[in-house]
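Below is one structure, written out as structure tokens; comments come after it.
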Amino acid sequence: MITPRFSCSQNDRSVIVSVYCPAVRASEIEIHVDHALLSLHVAPYFLRLNFPASVVEDNRSSAVYDPASGYLTLTLTKLNPGVVFPDLDLLGKLLAPPAQGRPRNPTIEVLGSGDNPGYTADLGATERNEILEAAANEWTFPQTASDTLPVLETSLRKPYGFLNAYSGYFLHVGTTENEVNELGADAETLSPSERRIRRLRHEDSKWNPEHYMADYADNEQMEELLAWTHPHLESPSTSVVFTEAENAAMLRLPRKEYLPSPQETHDLYLALLTLLFAYAYDARTTLHDPTPESAWTIAALTPAFSALDPPPYSPPHKRRGATVAHELEPVQPEPALDFGFDSGTPHELATTLIPSYRRALAFPLYRSWALADGCRMDAAYFLIRGTRTVLRCLLELRAILEGHEVYYVYSRIWLDDFCRWIQAGAREDTLIRLGKIVSHLGISKDSIGWDLVVLEHAVQTTKESKPDSDDDVESEKPALL
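First residue of the sequence shown: 637, per this note's numbering; consecutive thereafter.
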């Protein structure tokens, strides 16, 4: 079945659904409304929408098909007039299946001792009471996992990507020209800690102090990039209207339902921050006009792509010089959705962005601390503007990678799912809160692991020691006899 193009709008009394299904017979269209669920079927199209509130079919409802344009217009009456249906423009959220609630009563019957003496003979009074109490509370008694049992691994492959749901995408990496892959032919078998070691070593090997000093000295070039404002940040956030191309891209996203744990949800927000940073860097350096190098830049700046190493990251040690091992301590997760607010230093979000800063200073054409800081602020403002702006950025990011013959793989294992999850799984208030925290972050240059302050001081000293004009140069020339 084909999911047709569609759009939704509303007024005080009705929801209007416009569906593009050309060359069909109006007599064969089947429409079914069940509370908040609308189902439409006409071969070869099938559409099921889950509205935020209930609608009904009554004498004010209608279905009109225009064979000339190919559009079917459905008008459904709101069960409660005046109620505003939020997020009708987030097509992925409407396409998501309705949430399945847990059963209110236990589905396992606990038999008494009179019914099954053999079963209860081995249970003491305490155990029986715990089971009965758990059953009365929907089986939510506390559980703890044993720390002594090793993780059972049945394959040499290690998962990666969105919620660690993928493997097998780098089996033939030796025959492709994937220049950003830092794991080589071992991408499928390296553990997360080994991936992190490879990433850190690669970043240190690519660090070039002379390149950084040259960009630091070129103030005019950096000032031009920093003065630019992203178009998504110029107009009010309430004015976001998705284009036809964006709506079509949303309809092509995979139909999946995600059930992440609180910690996994927390980590997804952290990974989202690194994606928006990479997108912001490319947008600033190309003035929002992607080039053939944009896919490489984005993939190179995102640790989850180039090294399959998403956050959370361990805080770096405060030391100078090489940083190969400074993130290899076990990560102690923060409480879900806390983002390190009340934790110690360094801030969890600062720690999340340190690899992005390092990569922005080691790989692309422009390597400037001020530019990296500007990208952090851009990412923060995208988040503050909410779900629609973030989704628009991710769709653009996805389109850039989809157009590349090699790097499209990162769209498959990360961005397809992120574009889907941001609509139906992410919370707008959490995105805004996260953005506000990021906008006030202070990332220390010492945390990067390279001597940035020393190099900048050397550039400043050189500038101050240079002659200020040609006259000064002439005065320094030896007199001719």
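Beta carbons: idealized from backbone N, C-alpha and C, even for Gly.
Under the DSSP assignment, Val877 falls outside any beta strand (DSSP E); it carries neither an H nor an E label. A straight line joining the alpha-carbon of Val719 with that of Ser643 spans about 19 angstroms. For Ile638, the three-state secondary structure derived from DSSP is strand. C-alpha of Asp702 to C-alpha of Tyr796: approximately 47 angstroms in a straight line. Going by DSSP, Val651 is part of the beta strand (DSSP E) stretching over 650-656. Only residues of its own chain outside the window of five on either side were considered, and among them Tyr656, Pro658 have a CB closer than 6 angstroms to the CB of Gly706, listed in chain order. Assigned with DSSP and collapsed to three states, Ala853 falls in helix.
Of the residues assessed, Lys729 falls on the buried side of the cut-off, its CB having 16 or more other CB atoms within 10 angstroms.
In the three-state reduction of the DSSP assignment, Asn800 falls in the helix class, which pools H, G and I.
As summarised for the region 1027-1092, the continuous alpha helix (DSSP H) elements at least 4 residues long and confined to that stretch are 1052-1060, 1064-1075, given in chain order. Per DSSP, Tyr681 lies in no alpha helix (DSSP H); the unbroken beta strand (DSSP E) holding it starts and ends at 681-686. Non-local C-beta neighbours of Leu1091 in its own chain, meaning closer than 8 angstroms and more than five positions away in sequence, comprise Pro845, Tyr848, Met849, Tyr852, ordered along the chain.
Residue range 898-922 is occupied by the alpha helix (DSSP H) that includes Thr901. For the pair Pro734 and Glu893, the CB atoms are not nearer than the 7 angstroms cut-off.
In the same chain as Ala907, and ignoring 5 residues on each side of it, the C-beta atoms closer than 7 angstroms to its own belong to Ala940, Pro946, Pro947, in chain order.
Note that the C-beta distance between Tyr805 and Leu1070 is not below 7 angstroms. The residues Lys794, in chain order, have a CB closer than 8 angstroms to that of Ser827 in the same chain once the five nearest residues on each side in sequence are set aside. According to the DSSP assignment, Ala996 belongs to the alpha helix (DSSP H) that extends over 984-998. Under the DSSP definition of a beta bridge, Glu666 partners with His677. Take Val660, set aside five residues on each side of it, and the residues of its chain with a beta-carbon closer than 6 angstroms to its own are Val678, in chain order. Distance from the CA of Ser1004 to the CA of Arg1012, rounded to the nearest whole angstrom, comes to 13 angstroms.
When only Cα atoms are considered, Pro926 and Ile934 end up about 11 angstroms apart. For the pair Leu683 and Leu673, the CB atoms are not nearer than the 7 angstroms cut-off. A straight line joining the alpha-carbon of Met886 with that of Leu727 spans about 7 angstroms. Excluding sequence positions up to five before and after Asp918, its CB lies within less than 6 angstroms of the CB of Ser930, Thr933, Ile934, all in the same chain and listed in chain order.
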